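Numbering of the sequence shown is given in the numbering used here, commencing with residue 47 and proceeding in unit increments.
Glycine is no exception: its CB is placed at the ideal position from the N, C-alpha and C atoms.
Every value quoted in this text rests on a predicted model; they were computed, and no experiment measured them.
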Amino acid sequence: MSTTQPENSIERGIDRRVEPGWDEQAEFGDENRGDVTAIRPGGVKRGSMLAYGWVALLIVASGVVNVFSSVSEFKLSAGFAPLRMPVLLEVTSAIAWILFLPLLRSGITQLRVGRSRVTAVTWAVAAILLYAFAHLVTMVGLRKLLLGDGYSFHWATAFPHELQKDVVSSLMVAVVIWLTDRKVLAMPVSPMPVTPVPPVEALALPPAGPSIEAANPGLWLRDGATSFRVDPCDIVAVTSAGNYVEFSLSNGRRLIRGTLAREEDRLKPFGLVRVHRARLVNLARVVAVEHRPAGDFALRMDNGETIAGSKRYRNVVATFTENTNR
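Spelled out as structure tokens, the structure:
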């Protein structure tokens with residue numbers, strides 16, 4: 047960013063390479079979308095801090111480089127190097143970039159929450175545009191506050207140009223966050239043991255005295271201050287989504303805060319088993335199994351949903367094909 051005019055792009059500080067691909071919303075998913083919270087309960091939080099840390103480091107490094115570049119330009123043109131102005135310009139820009147990082151990351155996280163591709167991309171693009179706009183407005187406000195009449199910004203002429211550059215910079219910041227999160231989620235973990243599905247008669251509740259649970263059977267899901275009761279038989283699948291888990295039900299979806307590991311322990315008695323590091327399915331609702339050459343598989347559920355399974359859990363569905371016609 048040059049200090050002779052309000053250029054706020056951090057393009058020189060961030061690599062432009064963008065890795066193509068849609069690993070989370072492909073037709074049958076990708077095993078690299080591991081459930082970090084199921085194996086390491088603090089993994090997602092550490093991943094968030096890692097993403098923020100890398101981006102903040104790049105922003106600060108870019109600002110330092112831009113300060114030295116501005117000082118060099120002043121030396122060549124005026125014979126001296128006033129340090130106060132370029133430092134203030136870069137500090138205000140960096141504060142604005144870092145301040146709104148959670149806003150941008152919340153939009154990028156939508157790509158992993160199990161939404162449709164169009165909806166997820168729309169959320170991500172909206173977050174990028176809003177992040178760029180918030181940075182520009184906040185940066186100009188800080189400079190006006192600190193420099194007063196010593197700083198001028200012509201909204202009619204400078205705003206479109208500066209916003210365009212900030213959108214490009216925001217896109218690159220989003221890419222860094224995406225790649226950092228993806229690396230955290232793809233960290234190798236030890237496979238969890240596979241629990242065989244208990245027979246139907248074993249799932250029946252043992253006879254007991256009258257109780258509230260016997261009179262009101264079901265599973266309770268808490269969303270903030272509200273709790274919802276669902277019939278375990280209505281659960282089709284449960285998917286990890288960052289700090290949340292998404293329940294796919296026969297009549298809709300519920301997104302609650304929690305970890306897949308905790309939900310797996312709670313749902314075992316109801317016949318839900320892990321078929322992927324990031325997914326549990328209700329085997330009682332599977333209507334078809336598609337085996338793939340690489341060893342993984344896809345399960346078609348009775349509500350029409352297709353769920354990808356990892357090859358390390360393929361023995362979970364082995365019982366489906368033991369008595370199949372050859």
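- The stretch 171–187 makes no contact with the stretch 98–115: fewer than 3 CB pairs, one atom from each, lie closer than 8 Å.
- For G153, the enclosing alpha helix (DSSP H) begins and ends at L147 to T155.
- When beta bridges are read from the DSSP output, I105 appears opposite no residue.
- Contact annotation: A324 and L301 have beta-carbon atoms that are not nearer than 9 Å.
- Shortest Cα-Cα distance from S198 to any of L135, L295 and R338 involves L135.
- Going by C-alpha positions, H207 is about 17 Å away from M218.
- If you look at V171, you'll find it isn't in any beta strand (DSSP E); it sits in the alpha helix (DSSP H) that goes R163 to L193.
- Its chain contains G288 as the residues whose beta carbon lies nearer than 7 Å to that of T155, once the 5 sequence neighbours on both sides are disregarded; these appear in chain order.
- In the structure shown, V363 adopts coil according to DSSP, grouped into three states.
- Counting every other CB atom within 10 Å of its CB across the protein chains shown gives M95 a total below 16, marking it as exposed.
- Judged by their CB atoms, V319 and V291 are not nearer to each other than the 9 Å cut-off.
- Secondary-structure assignment with DSSP links V284 through a beta bridge to F293 and L326.
- The distance from the Cβ of G109 to that of A140 is about 5 Å, consistent with a contact at the 8 Å cut-off.
- Scanning its chain for C-beta atoms nearer than 6 Å, with the 5 sequence neighbours on each side dropped, one finds around L265 the residues V276 and P278, in chain order.
- Residue state for R338 is assigned as coil, using DSSP reduced to three classes.
- Residue pairing by DSSP places S118 in no beta bridge whatsoever.
- Burial check for N297: the Cβ neighbour count within 10 Å stays below 16, so the residue is exposed.
- Following the DSSP letters along the chain, one finds A307 inside the alpha helix (DSSP H) bounded by residues L306 to L313.
- Across the structure, L149 and V101 are spaced so that their CA atoms are roughly 13 Å apart.
- Distance from T138 to L192 at the Cβ level is roughly 7 Å; contact confirmed, criterion being Cβ atoms closer than 8 Å.
- One thing to note: L306 has its Cβ no nearer than 9 Å to the Cβ of T272.
- For A344, the enclosing beta strand (DSSP E) covers residues F343 to M347.
- Under the three-state reduction of DSSP output, F274 falls in the strand class.
- Under the DSSP assignment, G355 falls in the beta strand (DSSP E) whose first and last residues are T352 to G355.
- In this chain, L129 is not harboured by any beta strand (DSSP E), its DSSP state being neither H nor E.
- Under DSSP, the beta-bridge partners assigned to I302 are V291.
- Of the candidates A283, W201 and T203, A283 places its Cα closest to the Cα of L326.
- With a threshold of 16 other beta carbon atoms within 10 Å, W224 meets it and is buried.
- With respect to the 9 Å criterion, A178 and V213 are classified as neighbours on the basis of their beta carbons.
- F343 and G317 have their alpha carbons spaced roughly 19 Å apart.
- Relative to the Cα of S294, the nearest Cα in the group L267, R308, D311 and P315 belongs to L267.
- Close CB contacts of Y98 within its chain, under the 7 Å cut and outside five residues either way in sequence, are with L147 (chain order).
- R299 sits exposed, since fewer than 16 C-beta atoms from the chains shown fall within 10 Å of its C-beta.
- Sequence-distant Cβ neighbours of V133 in its own chain, meaning closer than 8 Å and more than five residues away, are V113.
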